[in-house]
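K.L.:
Before I ask anything, here is the structure I am working with.
Number of protein chains: 2
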Amino acid sequence: VDQGDSALVSRLLEPLHAADIADLLEQIGATERRELLALWSGEIDGDVLSELDETIREEVIESLPPEVVAEAVRDLDTDDVVDILEDLEAPAQGKILDALELVDRVAVEQAMSFPEGSAGRLMQREVVVAPEHWTVGDAIDFLREATALPDQFYHVILVDPRMKPLGYITLGRLLSARRDVRLKDITEDSFRTVVATEEEEEVAYIFNQYHLISCPVVDENDRLVGVITIDDAMNVLDEEHEEDMLLLAGVGEEASVFDGPIATVRQRLPWLVVNLFTASLSAFVISRFEATIAALVALAAVMPIVASTGGIAGTQSLAVAVRALATRDLTSSNARRVVLREVTAGAINGVVLAVILGLVGTLVLGDPWMGLVLALAMITNQIVAAFGGVMVPLTLERFGLDPALASGTFVTTLTDVMGYLAFLGLATMVLL
Amino acid sequence: VDQGDSALVSRLLEPLHAADIADLLEQIGATERRELLALWSGEIDGDVLSELDETIREEVIESLPPEVVAEAVRDLDTDDVVDILEDLEAPAQGKILDALELVDRVAVEQAMSFPEGSAGRLMQREVVVAPEHWTVGDAIDFLREATALPDQFYHVILVDPRMKPLGYITLGRLLSARRDVRLKDITEDSFRTVVATEEEEEVAYIFNQYHLISCPVVDENDRLVGVITIDDAMNVLDEEHEEDMLLLAGVGEEASVFDGPIATVRQRLPWLVVNLFTASLSAFVISRFEATIAALVALAAVMPIVASTGGIAGTQSLAVAVRALATRDLTSSNARRVVLREVTAGAINGVVLAVILGLVGTLVLGDPWMGLVLALAMITNQIVAAFGGVMVPLTLERFGLDPALASGTFVTTLTDVMGYLAFLGLATMVLL
């Protein structure tokens, strides 16, 4: 299709949802993308830009004339404009800001003044408020007359004369109440506000915990400055999950499948180098037992079994712990109980695996003492793995770090070192 | 507090949000929980039951008299009742169903007739509909008169006489339009429906992709049967993430930090046993090179470095790929490009790590040939890791399996086997 017919391209793309057009742009190669945009760029929509993955968005915005971007961005709610601007370089930001209407520009600049990753960056400035003394009828008449309502809104926020939010009323409640009912008598119990400097992670937690649909944002003087809606919170939740999963695997949190090889190397190499050194710890442990291995070379072949099964067990208990910390199911008040349960489960797993490995080892290697050494090393390492899998993220959390922060590398280093140490140490005692 | 004063307990719990009471019940130990419930059970709220983790909920419901549970459940929307019932045994389900009002009971039983994990189980039956010929005024008058509106609703759904949904109108639009405007002229563009048998995973994807707030559910004849709201979709999204993270680590998907040791063992032992056998593959590979190791015992000490660094690299590329498959950023149309990029990044990482390991190995072991063997084995294994990390989940997905399904075990087995094979094979050729 991209061989020249600009009208046809527009006709084909026109009925699609912005999110689907963004997906299409993401899926095709960089050259095709440039050709497609050259044919279609005049009509690009702000919503499409919003939906693009950051890496691709940067590429697309660079390839478009700044007027086109500014025009496209003009119809978006302020939170979406902020989302697009925050990834751009300062000169590109300036050009787009200049093209906005003054009132939007001020709103965007104000939002950008809050730290990255804060509630202030997530909120939209467009809010629907009513004075506290209004009745249902006043509010309905006001809404019917209002000219510029937000694209999406779910509540009317009740404020005092100082713009302090006092409560909110769902539109459903507003519609079903009699006209003479006072707004302050039908506010929702679930009402709560967040401060603009609050971290977005905390905001997502509040939405998820209390099933909120929207939440007013206040400044440090408790004055209403904006509102965060659930779609933004859902987005943050999604990003938090991504971050946990990638950090756990030792990948930079911004990683995306659309990154080029160099960006990919930059995200991953640091942890690989760290692992190179932690793996040398295992090598050092093994090298202390070279005499034992020289006496019985078969040990070298079976020793990774204990280490590797320990690594899997450690990863299992780590994944459960990191998830539980993220959902706040694991807290300081039940940490001791959870650790105890993990270690008990680890011991049971260890005994079962030890029986299997001990029997198979005895049969294959023809030496019951070898089977015994394998079995005892397995039990030890399974218990260490279960313990380490919970303690590493708990410790990181206690020091104010992200509990997922490459804990995978720490835990497998622990289980490797302990696996080799237990196995070769026992072998030296029992077999020589 | 739990030493006897029932009134005091009620007074303390009363102002708390249901989600916070549920958290409190989850955090305390089993004995304290039983004591607390004995003091407070009479007033337990359906919302609190809804918020509890499944494991704890089962325990709590068993400890309560069925009348209390039935009473508590009565005020919930049907989707929440279904959510509670689906985890219970048949006799307990029956008792609660018997206690419901007939109309609710029919609705719940109908929802339970849809397969577990389908849109039919997620939806609530309470919907607000309007005939297609109504005006804004008709709808507002209807809402003002209606006695039983759902707890939360965000749209009025327009239906034809056969109850086929034709579009929906946001309440905000309804409030701001003139009374004589026809509803069908102010419907939303984003309108779409899902079929009740659709998988909940697909539903969550649609909400996230198109930023929906609610979505009507239809039966196979395209008749409206219910509506799914964004809080349910957010919940599913959250569970999908949990599932991905746990499956990737080789843990049963239902795992929770509140499970007892036996449940924990049951979720984890199967994959540990699988790993015991896959790890034996590495042992077999190493055993083929016993003569090489006997000739140069130092090999046994350094060989895990190559295998372990490969394991981390494989896990990194796996995490990115599994996440990209979940968000549908990685599809058959860009798979080839992504694999190529991964392998390129893997090769670059391999070269950098090879230089470091080669130099350090040469210095520490005093043998440049050993350094060369380490370096070459590292490059090989990094490329294999990058390739395996993407191909394993892509292959699982192609066969209709969950791409996260213990792919961690597969990938680390691959990198272990290749790491030992490349290192010991090269060592046999170069050093002996």
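For the protein sequence lines, the chains are H and U, in the order given.
All letters in the first sequence, in the order written, are residues 773 to 1204 by the numbering used here.
All letters in the second sequence, in the order written, are residues 773 to 1204 by the numbering used here.
Quick reminder that beta carbons are idealized off the backbone N, C-alpha and C, glycines included.
(1) What did DSSP end up calling U:P988 once you bin it into helix, strand or coil?
(2) Which one of H:M1075, H:D994, H:A1055 and H:E1012 has the shortest CA to CA distance from H:L1177?
(3) Would H:F963 and H:Y926 qualify as a contact pair, given that the criterion is a beta-carbon distance under 8 Å?
(4) Give the range of the beta strand (DSSP E) segment to which U:H927 is assigned.
(5) Assign U:A802 to buried or exposed, taking buried as 16 or more other Cβ atoms, counted over all protein chains shown, within 10 Å of its Cβ.
(6) Between which two residues does the beta strand (DSSP E) carrying H:V1023 extend?
(7) Select from the region 898-910 of chain U all residues with a C-beta closer than 9 Å to any C-beta belonging to chain H, and list them in chain order.
(8) Considering only C-alpha positions, which residue in the set H:E1015, H:S1104, H:F1159 and H:S1028 is nearest to H:A1119?
(9) Taking Cβ-Cβ distances shorter than 7 Å, what residues in chain U pair up with H:V1037?
(10) If you drop the 5 nearest sequence neighbours on each side, which residues of the same chain put their C-beta closer than 7 Å to that of H:S890?
(11) Hey, how far is the Cα of U:R1040 from the Cα of H:A1147?
(12) Just list the residues that DSSP pairs H:L996 with in beta bridges.
(13) Taking the Cβ atom as the reference point for each residue, do H:I1000 and H:V975 lie within a distance shorter than 8 Å?
(14) List, in order along the chain, the chain H residues whose C-beta lies closer than 9 Å to that of U:I1058?
(15) Go ahead and pull the three-state DSSP assignment for H:T1001.
(16) So with Cβ pairs under 8 Å, would you call U:N1153 a contact of chain H?
(17) Would you report the Cα separation of U:A791 and U:T827, rounded to the nearest angstrom?
(18) Give me the Cβ distance between U:A1055 and H:L1018, rounded to the nearest whole Å; I'm assuming they're in contact under 8 Å.
(19) Could you please give me the residues that DSSP links to H:I941 through a beta bridge?
(20) Under three-state DSSP, which class holds H:T1116?
(21) Do H:D1010 and U:L1009 have their C-beta atoms closer together than 8 Å?
(22) Can you check whether the C-beta of H:E970 is within less than 8 Å of a C-beta belonging to chain U?
(23) Among U:G1024, U:F1195 and U:G1083, which residue has its Cα nearest to the Cα of H:W1043?
(24) Which partner residues does U:Q896 have in the DSSP bridge list?
(25) Check each candidate in H:I1151, H:D1031 and H:A1199 and name the one with the smallest Cα separation from H:P1140.
(26) Does U:E798 come within less than 8 Å of chain A when only Cβ atoms are used?
(27) Exposed or buried, which one is U:S1028 when buried takes at least 16 other CB atoms within 10 Å?
(28) Taking C-beta to C-beta, are H:L1020 and H:G1161 nearer than 8 Å?
(29) Give the range of the beta strand (DSSP E) segment to which H:V901 is assigned.
(30) Does the beta-carbon of H:A1070, which I'm using as the reference point, lie nearer than 7 Å to any heavy atom of the ligand MN?
(31) Quick check: H:E861 and H:L869, are their CB atoms within less than 8 Å of each other?
(32) Does the pairing of the region 1096-1112 of chain U with the region 1072-1082 of chain U give three or more beta-carbon distances under 8 Å?
(33) Looking at C-alpha atoms only, which residue of H:A1157, H:Q1154 and H:L1125 is the closest neighbour of H:G1143?
(34) Between the Cα of H:E1025 and the Cα atoms of H:G1032, H:P1033, H:A1035 and H:E1014, which residue gives the shortest distance?
(35) Along chain H, which residues have their Cβ under 7 Å away from the Cβ of U:A1027?
(36) Kindly indicate if chain U contains any beta-carbon less than 8 Å away from that of H:F886.
P.N.:
A quick look at the data gives this:
(1) U:P988: strand per DSSP, three-state reduction.
(2) Of all alpha-carbon atoms in H:M1075, H:D994, H:A1055 and H:E1012, the one lying nearest the alpha-carbon of H:L1177 is that of H:E1012.
(3) For H:F963 and H:Y926, no; Cβs fall outside 8 Å.
(4) In the DSSP assignment, U:H927 falls within the beta strand (DSSP E) that extends over H927 to V931.
(5) U:A802 comes out exposed.
(6) In the DSSP annotation of this structure, H:V1023 is not part of any beta strand (DSSP E), being labelled neither H nor E.
(7) Residues V900.
(8) Looking at the Cα atoms, H:F1159 is the closest of the given residues.
(9) Under the 7 Å cutoff, chain U gives A1117, I1120 and N1121.
(10) The answer, listed in chain order, is A968, T969, E970, E971 and E972.
(11) Cα to Cα, the separation comes out at about 18 Å.
(12) Within the DSSP bridge table, the entry for H:L996 names H:V990 as partners.
(13) Contact flag set, yes.
(14) Near U:I1058 (Cβ distances below 9 Å), the residues of chain H are A1072, A1073, V1074, M1075 and P1076.
(15) Look at H:T1001 here: in three-state DSSP terms it is strand.
(16) With 8 Å as the cut-off, U:N1153 does not count as an interface residue toward chain H.
(17) Taking the straight line joining both Cα atoms gives about 16 Å.
(18) About 32 Å separates the two Cβ atoms, so there is no contact after all.
(19) When beta bridges are read from the DSSP output, H:I941 appears opposite H:V928.
(20) Helix at H:T1116.
(21) A contact, by the Cβ cut-off of 8 Å.
(22) H:E970 does not count as touching chain U.
(23) Of the candidates U:G1024, U:F1195 and U:G1083, the one whose C-alpha sits nearest the C-alpha of H:W1043 is U:G1083.
(24) U:V999, per the DSSP bridge assignment.
(25) Considering only alpha carbons, the answer is H:A1199.
(26) As a matter of chain content, chain A is missing from the structure shown, whose protein chains are H and U.
(27) By the neighbour-count definition (other C-beta atoms within 10 Å, threshold 16), U:S1028 is a buried residue.
(28) At a Cβ-Cβ threshold of 8 Å, H:L1020 and H:G1161 do not count as neighbours.
(29) From DSSP, the beta strand (DSSP E) with H:V901 extends over V901 to P903.
(30) As for the ligand MN, it is missing from this structure, which has no ligand bound.
(31) With contacts defined by Cβ atoms closer than 8 Å, H:E861 and H:L869 do not form a contacting pair.
(32) Short answer: they don't touch.
(33) Per the Cα distances, H:L1125.
(34) Out of H:G1032, H:P1033, H:A1035 and H:E1014, H:E1014 has the C-alpha closest to the C-alpha of H:E1025.
(35) Under the 7 Å cutoff, chain H gives V1092.
(36) By this cut-off, H:F886 is not an interface position.
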